[in-house]
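Read through the structure below, which is laid out as structure tokens, and then see the notes.
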Amino acid sequence: MTKRLWIETVGCQMNVLDSELVVAALRRQGWEMARGAAEADAVFYNTCSVRQHAEDKIYSALGRVRFEKAKRPGLVVGVLGCMAQKDQELIRTRAPWVDLVVGPGQLHQVPALVADVLAGGGPRIEVSLERKGAARDVIARSFESYDPDRDPAMRPTPFQAFIRTQTGCDKFCAFCVVPHVRGPEQARAPDTIVAEATKLVAEGCREITLIGQTVNSYRWSDGGKTHRLSDLLLRLDGIDGLDRIKFVTNYPRDMTPDLIAAVRDLPKVCHYLHVPAQHGSDAVLARMKRGYTIGQYMEMLALVREELPHAAVTSDFIVGFCGETDAEFETTLDLVRSAGFKNSFIFKYSPRPGTKAFERLPDDVPEEVKRQRNQALLEAQADVSLAGNRRFIGTRQQVLVEGLSTREEKREAAAAAAGAAPADATPDDVVQLSGRTMCDRIVVFDAPRRLVGRLVDVDILDAAAWSLSGVVADGLADAVPLTSLGFTGETEPEVHSITLPRR
Ligand code: SAH
8 MTKRLWIETV GCQMNVLDSE LVVAALRRQG WEMARGAAEA DAVFYNTCSV RQHAEDKIYS
68 ALGRVRFEKA KRPGLVVGVL GCMAQKDQEL IRTRAPWVDL VVGPGQLHQV PALVADVLAG
128 GGPRIEVSLE RKGAARDVIA RSFESYDPDR DPAMRPTPFQ AFIRTQTGCD KFCAFCVVPH
188 VRGPEQARAP DTIVAEATKL VAEGCREITL IGQTVNSYRW SDGGKTHRLS DLLLRLDGID
248 GLDRIKFVTN YPRDMTPDLI AAVRDLPKVC HYLHVPAQHG SDAVLARMKR GYTIGQYMEM
308 LALVREELPH AAVTSDFIVG FCGETDAEFE TTLDLVRSAG FKNSFIFKYS PRPGTKAFER
368 LPDDVPEEVK RQRNQALLEA QADVSLAGNR RFIGTRQQVL VEGLSTREEK REAAAAAAGA
428 APADATPDDV VQLSGRTMCD RIVVFDAPRR LVGRLVDVDI LDAAAWSLSG VVADGLADAV
488 PLTSLGFTGE TEPEVHSITL PRR
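The sequence shown begins at 8 in the numbering used here and counts up by one.
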């Protein structure tokens, strides 16, 4: 009988891609997607360890799934990803009903592991080596990059795809657990990345987002030549049928002139740069072991502004890091007020076991102060974002239509809950759609549903802090339908997420 899978994903784009690939691997073995945990034969959680909150969410989800498992002992419960690597046996100590614990470097094993559990083989823990206690290359080999061929019929969003450029991270910022749970930085070969992109584009993909923990640190050496991210972008820009290329996340010191020039000169590369500053104070940046001063960050930003005057730059910030004084926090506020970020993701510091900050610096900023600083920074950024967005009123923007707007999704979910038949929806129905400009600004507008996955021109009429709104301009007939690119499937997402407040 067909087995059904339910998967919940938290965290970064890497996890979204990992979930897509795990789902595809199981579907290839005959699995189908369930509509919820209650009707699933296997329930997976693809987890994040970057903040305590992300882990708490998973432990409470595991608490809930326990009742399901008690009713149906054959249900396979799996914890995948970063928390699996970090907590290992602890997960089964806290939740003994978990059958599978699989780290991000072991995801290729999932189909075999599930089959094993179903055959009565008992619980399994498959993780990679820890970063201490072995040679770097031995540790690196224990983290296998998971990039199997993708089946176009199984892609959640056929017109967009993430492609991994490298796994792991070697930056060791004092606050960050990523180098510990995703292992040493390992680049994929440029030929492999370009081949993957070419195949995806042939299957109807129009936007590719390159992902790496610090994507612009990409280096690949062969035959005496070092390939950098700028070299990779040049090759990807040449792929016929591809419209847009993005890359996240950037490390400020690796935002080199060749990369900025590549963004300037290559027409498909989006003018959108996510370059987290993390803080406005040199003293705090030093405690965070970020490896740059705010002066160096501003020099980088000045070069970006000079070469790419219309680019959107975004940042991450941590408030309430160990020892952060009021005066130090003010420097972050000043940076946000002056740097003109399109938006910032703001996080309250969360101590992570295994990191330098956890081991050496007390988490001494009270929760209430973190909360206040978080709020103050959000408000400062909202003012800057609104002013930035208002400059777009009256302009025409090319938008890649991504799907229904959040408002429309909620409206349709409510209608479905009230018993309205979704089958009544036709491609010509005018609904509120949402898409993004070349500089990653969200645009909402009313248009026929069938425009999802197309590039359309939108005249911008209004602006809010986090989005623009407008009307579709003339020339709609030019938009290339996805079906002409060989895509005929449904756009129903297969990767289900419980979303944390992040990208
Ligand atoms: N390199 C990846 C993942 C980093 S985690 C990327 O940027 O996508 C994303 C953000 O979470 C970081 O930029 C940082 O601002 C925040 N973060 C990381 N560790 C944190 C911690 N211990 N507490 C609070 N925020 C943290």
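Every residue, glycine too, gets a C-beta built ideally from N, C-alpha and C.
From a predicted model like this one, the values you see are computed outputs, not experimental measurements.
So for residue i, helix, strand or coil by DSSP?
i, result
"residue 291", "helix"
"residue 519", "Residue 519 lies beyond the residue range present for the chain, which begins at 8 and ends at 510; the question has no answer from this structure."
"residue 4", "Coverage of the chain is limited to positions 8 through 510, which leaves residue 4 absent and any answer about it impossible."
"residue 153", "coil"
"residue 115", "helix"
"residue 17", "coil"
"residue 488", "Note that residue 488 has pLDDT 40, beneath the 50 cutoff, so the model's placement of it is unreliable and the number below is only indicative. Of the three classes helix, strand and coil, the one that applies to residue 488 here is coil, per DSSP."
"residue 353", "strand"
"residue 162", "coil"
"residue 501", "Confidence in residue 501 is poor, its pLDDT being 30 and thus under 50, which makes the residue's placement too unreliable to answer from."
"residue 285", "strand"
"residue 3", "This structure does not reach residue 3, given that the chain is present from 8 up to 510, and the question cannot be answered."
"residue 254", "strand"
"residue 427", "coil"
"residue 106", "coil"
"residue 472", "coil"
"residue 140", "coil"
"residue 79", "coil"
"residue 443", "strand"
"residue 262", "coil"
"residue 421", "helix"
Which partner residues does residue i have in the DSSP bridge list?
i, result
"residue 296", "Residue 296 is not bridged to any residue."
"residue 454", "438"
"residue 269", "Residue 269 pairs with nothing; no bridge assigned."
"residue 22", "Note: residue 22 sits in no beta bridge, so no partner."
"residue 40", "12"
"residue 53", "16, 87"
"residue 174", "193"
"residue 168", "215"
"residue 146", "Residue 146 is not bridged to any residue."
"residue 279", "319"
"residue 462", "407"
"residue 479", "465"
"residue 131", "107"
"residue 449", "443"
For the putative contact between residue i and residue j, defined by C-beta atoms under 8 Å, what is the C-beta separation to the nearest angstrom?
i, j, result
"residue 135", "residue 193", "So it is not a contact: roughly 12 Å between Cβ atoms."
"residue 277", "residue 251", "6 Å"
"residue 221", "residue 261", "7 Å"
"residue 121", "residue 105", "Rounded, the Cβ-Cβ distance is 13 Å, inconsistent with contact."
"residue 446", "residue 279", "5 Å"
"residue 173", "residue 132", "Between residue 132 and residue 173 the Cβ distance is about 26 Å, and since that is not below 8 Å, they are no contact."
"residue 82", "residue 50", "7 Å"
"residue 264", "residue 234", "About 17 Å; that fails the 8 Å criterion."
"residue 2", "residue 69", "Nothing can be reported for residue 2, as the shown portion of the chain is limited to 8 through 510."
"residue 328", "residue 182", "6 Å"
"residue 294", "residue 285", "About 11 Å separates the two Cβ atoms, so there is no contact after all."
"residue 387", "residue 343", "5 Å"
"residue 320", "residue 311", "6 Å"
"residue 177", "residue 186", "6 Å"
Examine the ligand SAH and report whether any of its heavy atoms sits within less than 8 Å of the Cβ of residue i.
i, result
"residue 254", "no"
"residue 382", "no"
"residue 94", "no"
"residue 355", "yes"
"residue 221", "yes"
"residue 546", "No answer is possible for residue 546: the residues shown for the chain start at 8 and end at 510."
"residue 212", "no"
"residue 527", "Not covered by the structure: residue 527. The range shown for the chain is 8 to 510."
"residue 20", "yes"
"residue 170", "no"
"residue 3", "Missing from the structure shown is residue 3; the chain here goes from 8 to 510 and no further."
"residue 36", "no"
"residue 285", "yes"
"residue 17", "no"
"residue 83", "no"
"residue 325", "yes"
"residue 277", "no"
"residue 376", "no"
"residue 185", "yes"
Discussion item. So within the stretch 308-350, which uninterrupted beta strand (DSSP E) runs reach at least 3 residues, ignoring any that extend past its ends?
Written reply: 319-326
Discussion item. My parser needs the alpha helix (DSSP H) runs of 4 or more residues fully inside the stretch 363-413; what are they?
Written reply: 363-367, 374-397
Item to complete: Enumerate, from N- to C-terminal direction, the unbroken alpha helix (DSSP H) stretches of 4 or more residues contained entirely within the stretch 198-249.
Response: 236-244
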